[in-house]
Amino acid sequence: MLSFAASNGISSAMTVLIFIAVLAVLVLSHEFGHFIFAKKAGLRVEEFGFGFPPRLLGVQRINKEKRWRFIWGPRQEKESEKESEEGDTVYSVNMIPLGGFVRIHGENGGEVEDKKSFGSQPLYIRALILVAGVFFNLLLAWPVLTAGFLIGTPASVNGGNISGGTLTEKGVMILEVQKGTSAEAAGLKEGDYLLRFISKDNDILQVSDEKSVQDFIAKYAGAEITIDYLRGKKEFSAKAIPSVKPEAGKGSLGIAMERVGIMKLPFHLAVWEGLKSTIRLTVMISKALFAFFGDLFTERKMIVQLSGPVGIAGMLGSAAQTGFVFFLQLVAVLSIHLALINIIPFPALDGGRLLFLAIEFVKGKPISQKVSNIAHNIGFAMLILLMLIITYRDILKLVK
1 MLSFAASNGI SSAMTVLIFI AVLAVLVLSH EFGHFIFAKK AGLRVEEFGF GFPPRLLGVQ
61 RINKEKRWRF IWGPRQEKES EKESEEGDTV YSVNMIPLGG FVRIHGENGG EVEDKKSFGS
121 QPLYIRALIL VAGVFFNLLL AWPVLTAGFL IGTPASVNGG NISGGTLTEK GVMILEVQKG
181 TSAEAAGLKE GDYLLRFISK DNDILQVSDE KSVQDFIAKY AGAEITIDYL RGKKEFSAKA
241 IPSVKPEAGK GSLGIAMERV GIMKLPFHLA VWEGLKSTIR LTVMISKALF AFFGDLFTER
301 KMIVQLSGPV GIAGMLGSAA QTGFVFFLQL VAVLSIHLAL INIIPFPALD GGRLLFLAIE
361 FVKGKPISQK VSNIAHNIGF AMLILLMLII TYRDILKLVK
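If you read the sequence shown in full-length UniProt numbering, its first letter stands for residue 1, the second for the next number, and so on.
So this is what it looks like as structure tokens:
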């Protein structure tokens with residue numbers, strides 16, 4: 001059966017809904033950055049949309065009459081001209097609920113004589129509007145991570161805790177599940193809490209520390225054992241056979257674990273730690289992206305570690321199942337990823353448009369609208385093709 005979530009997890013339908021909701025928040029946050037900076041610069045923003053066209057409905061303020069009006073149905077060319085003349089931004093709800101968009105007057109380089117057009121603005125204003133989307137995605141990660149520290153995040157019982165926080169011990173948590181091991185085959189995942197181990201002769205270990213788990217696994221290597229564990233708020237059981245002679249670098253069961261508690265912080269500390277975590281994650285992800293592209297171009301490695309919508313939906317479903325804090329952390333990581341990927345100097349991305357502005361600065365005149373449109377259309381087509389390939393690969397993984 002094709003399923004996004006883990007075998008013990010939430011339903012595929014709920015996983016899809018979670019994915020759509022998270023994608024909407026991430027993309028709308030990005031587009032809101034473009035929107036608010038364009039508004040502050042005095043540009044005319046024609047439409048701010050939730051989802052992608054065709055439009056279902058919209059609302060718009062009529063400036064002269066100081067009232068709001070409803071607009072029903074898809075956007076029409078004649079109607080859009082009338083909308084621009086009579087009123088302010090159209091705030092719309094569209095049929096395809098996968099994110100959102102902002103339409104800025106003259107964003108494709110036209111209407112350069114109109115002071116409220118994107119194309120008429122000085123280079124630095126256009127650059128700020130383009131960077132704003134990236135900035136808002138990075139900014140979103142901060143309150144999301146802050147919320148995690150307020151709710152409580154896993155922290156080592158053995159030290160390194162934040163002064164001023166409250167630590168409540170919870171148990172031994174799985175930090176890593178190694179691939180190709182009995183733990184992976186049993187369905188254990190990072191973030192699961194180990195409760196007890198039971199042998200076939202009914203020898204029961206109530207888990208209290210890492211050492212007792214290691215001793216139990218060593219004692220029953222080669223024999224089937226039952227593992228009771230906590231995932232989120234639900235208790236599950238799994239059967240596994242610890243390896244007698246594990247591969248080099250792998251344990252008998254194939255897990256890394258640590259005794260952890262839940263660290264809750266007061267508001268002022270949570271805000272500070274949320275900011276530090278955002279900066280730390282941004283640096284880490286930036287380094288990982290540089291390393292990835294370095295390997296891609298120097299060693300010609302296949303793109304096997306990328307995830308498309310299907311893969312990301314699966315990760316969100318698993319994170320939501322493991323616990324709300326893990327879900328928040330993944331949302332923050334995805335928001336930072338979206339920011340950093342968008343700043344890559346590739347046509348159709350914000351970074352590609354910034355590259356064209358840099359060329360304009362060096363040349364002293366803008367690249368022709370025709371060349372710009374062709375480059376961005378080709379870039380967009382390549383990104384769509386890449387997404388389709390990755391999605392196809394993700395679906396094959398699920399089927400297998």
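Note that CB positions come from ideal geometry on N, CA and C, so glycine has one too.
What you are looking at is a predicted structure, and each value in this text was computed from that prediction instead of being measured.
**Request:** Can you say whether I378 is buried or exposed, counting buried as having 16 or more other CB atoms within 10 angstroms of its CB?
**Result:** When all chains shown are included, I378 counts as exposed.
**Message:** Pop quiz: A256 and E176 are said to be a contact at Cβ under 8 Å. What is the actual Cβ separation, rounded to whole angstroms?
**Reply:** 4 Å
**Request:** Quick one: using the 10 Å Cβ neighbour count with 16 as the cut-off for buried, is D394 buried or exposed?
**Result:** buried
**Asked** Looking at the unbroken alpha helix (DSSP H) that takes in E31, where does it start and where does it end?
**Response** 12-40
**Request:** Give me the Cβ distance between D350 and G133, rounded to the nearest whole Å; I'm assuming they're in contact under 8 Å.
**Result:** 6 Å
**Asked** Do you know offhand how far I344's Cα is from K211's?
**Response** 46 Å
**Request:** Go ahead and pull the three-state DSSP assignment for K245.
**Result:** coil
**Request:** Identify every residue that forms a DSSP beta bridge with W72.
**Result:** L57
**Prompt:** How would you write the range of the beta strand (DSSP E) that E184 sits in, first residue to last?
**Reply:** From DSSP, E184 is part of no beta strand (DSSP E) but of the alpha helix (DSSP H) over 182-186.
**Prompt:** Between V333 and L385, is the Cβ-Cβ spacing less than 9 Å?
**Reply:** no
**Message:** Can you tell me which residues form a DSSP beta bridge with I378?
**Reply:** Answer is none; I378 lacks a bridge partner.
**Prompt:** Would you report the Cα separation of R353 and T278, rounded to the nearest angstrom?
**Reply:** 26 Å
**Item:** Sequence-distant residues of the same chain with beta carbon closer than 7 Å to L56, five excluded per side
**Value:** V93, N94, M95
**Prompt:** Which residues in the same chain have their Cβ closer than 6 Å to the Cβ of Y392, if we skip the five residues on either side of it in sequence?
**Reply:** none
**Message:** Counting beta carbon pairs with one atom in the stretch 240-253 and one in the stretch 138-145, are three or more of them shorter than 8 Å?
**Reply:** no
**Asked** Since T89 contacts V131 with CB under 8 Å, what's their CB separation in whole angstroms?
**Response** Actually they do not touch by this definition, with Cβ atoms about 21 Å apart.
**Prompt:** Relative to the alpha-carbon of A41, which residue among F361, Q121, K370 has its alpha-carbon at the smallest distance?
**Reply:** In terms of Cα proximity to A41, the closest of F361, Q121, K370 is Q121.
**Cα-Cα separation, A155 to M173** = 10 Å
**Asked** Since I225 and S199 are thought to touch, with beta carbons under 8 Å apart, how far apart are those beta carbons, to the nearest angstrom?
**Response** 6 Å
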